[in-house]
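J.: What follows is a structure written as structure tokens; I'll ask about it next.
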Amino acid sequence: MEQRPQVTEPDPLAPDLIVAAMNERLLATLDRLKELRSRPVTPEVVDELTSIQFRGSRLSRRLRVLGHQGLLTLSARSLREPAELLRAAVGEVEEDCEARGIEIAVEADDGLPALWLDPEQVVESLRCILDNAIEAIGRDGKIVARASGTNGDVVLSVGNDGPPFAPEILPRAFAAGVSSRREGPGEGLGLTIVRRIADGLGGDARIETDQEWTEISLSIPRTLARRLREDAEPDARPSRTWVFPVPRAA
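When we follow the working numbering, the leftmost residue of the sequence shown carries the number -5, and every step to the right adds one.
So, in structure tokens, the structure goes:
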């Protein structure tokens, strides 16, 4: 009997496909900029140009991760505190949030173990989740990035008070090419990257959403956790909060 060759579906997160999708998105953005050049400068045009600026920054960060080669492999591990990872990701989007009137805070339970992992991977996944939250809110809202512990695992989550995920989108939210915010070339990769990084860590990614609050979380397994303070009480976890933007010293 003649055997038919198996047809393998292309991996939507293969680096070459990601670069191709980002290139399409960049070209679409450049086309939009050409259109805006012919329009009078109005507050709406200024807002759109600001949005394009921040989208360009996000694209740059995605490409930086590909250059780092840490997207799909655990290649550069180091020991990092969960709150440090959150603050690094929030620092990348602080300017965007400030421009949009979005309050953003970081909360971390005390006594959490440090994590032995590639920090660039985790920070990138958090940036993807933060980008999703910013796009959901648009303007004038609240985001809370939080580190907590559940059954020995460390959970890094980002919650926002923007519109919830549509019921028909929610089951497919982590699939490549699915976007609840916009349609267009190169869209819908952010949460897919989050899922891939979670799988690579042996963890999980989840979404909880209702009319008042949406939270996307990345669960990191206890096998990657190393407690720096052996005397820390695992069940006694008062939390600390950092609110961004941080007032700068005079």
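Glycine included, each C-beta is placed from N, C-alpha and C at the ideal position.
For clarity, every value in this text was computed on a predicted model and none was experimentally measured.
If we count the other Cβ atoms within 10 Å of its Cβ and call it buried at 16 or more, is Val148 buried or exposed?
T.: So Val148 ends up on the buried side.
J.: To the nearest angstrom, how far is the alpha carbon of Leu250 from that of Glu114?
T.: The structure shown does not extend to residue 250, since the chain is modelled only from -5 through 244, so no value can be given for it.
J.: From the DSSP secondary-structure annotation, give me the bridge partner or partners of Leu30.
T.: Looking at the DSSP assignment, Leu30 forms no beta bridge with any residue, so it has no partner.
J.: To which residues does DSSP link Glu202 through a beta bridge?
T.: Answer is Glu209, bridged to Glu202.
J.: Run through DSSP, which three-state label would Ala256 get?
T.: Given a span of -5 to 244 for the chain in the structure shown, any question on residue 256 remains unanswerable.
J.: Measure the C-alpha to C-alpha separation of Ile191 and Pro34 and round it to an integer number of angstroms.
T.: Each residue's alpha carbon lies about 43 Å from the other.
J.: Can the beta-carbon of Ile214 be found closer than 9 Å to that of Leu185?
T.: No; because the gap between Cβ atoms is not below 9 Å, this pair is not in contact.
J.: In angstroms, rounded to a whole number, what distance separates the CA positions of Glu150 and Leu212?
T.: Just to set this straight, residue 150 is Leu in the shown sequence, not Glu. Looking at the two C-alpha atoms, the distance is approximately 5 Å.
J.: Give the secondary structure of Leu106 by DSSP, where H, G and I count as helix, E and B as strand, and everything else as coil.
T.: Residue state, collapsed to three classes: coil.
J.: Can you give the Cα-Cα distance for Ala77 and Arg31, rounded to whole angstroms?
T.: Those two C-alpha atoms are separated by around 42 Å.
J.: Can you tell me the Cβ-Cβ gap for Leu111 and Leu218, rounded? I've got them flagged as a contact below 8 Å.
T.: Right, the Cβ-Cβ distance comes to about 5 Å (below 8 Å), so this counts as a contact.
J.: Just the C-alpha distance for Val40 and Glu86, rounded to the nearest angstrom, thanks.
T.: Cα-Cα distance, rounded: 22 Å.
J.: I'd like to know if the region 132 to 148 and the region 89 to 96 are in contact, where contact means that at least 3 CB-CB pairs between them fall below 8 Å.
T.: A contact exists between the region 132 to 148 and the region 89 to 96.
J.: How should Leu106 be labelled, buried or exposed, when 16 other C-beta atoms within 10 angstroms of its C-beta is the threshold for buried?
T.: Classification of Leu106: buried, given that the 10 Å Cβ count is 16 or more.
J.: Report back the beta-carbon spacing between Phe48 and Asp90 to the nearest angstrom; my notes put them in contact at under 8 Å.
T.: About 5 Å separates the two Cβ atoms, so the contact holds.
J.: Using CA coordinates, which residue listed in Arg166, Gly156 and Gly197 is at the minimum distance from Thr208?
T.: Comparing Cα positions, the closest option is Gly156.
J.: For the alpha helix (DSSP H) containing Val117, list its first residue and its last residue.
T.: Val117 -> alpha helix (DSSP H) spans Pro113 to Ile131.
J.: For the beta strand (DSSP E) containing Gly153, name the first residue and the last one.
T.: Element bounds for Gly153: Asp147 to Asn154.
J.: Is it the case that the Cβ atoms of Ala169 and Ser119 are separated by a distance below 9 Å?
T.: No, the Cβ-Cβ distance between Ala169 and Ser119 is not below 9 Å.
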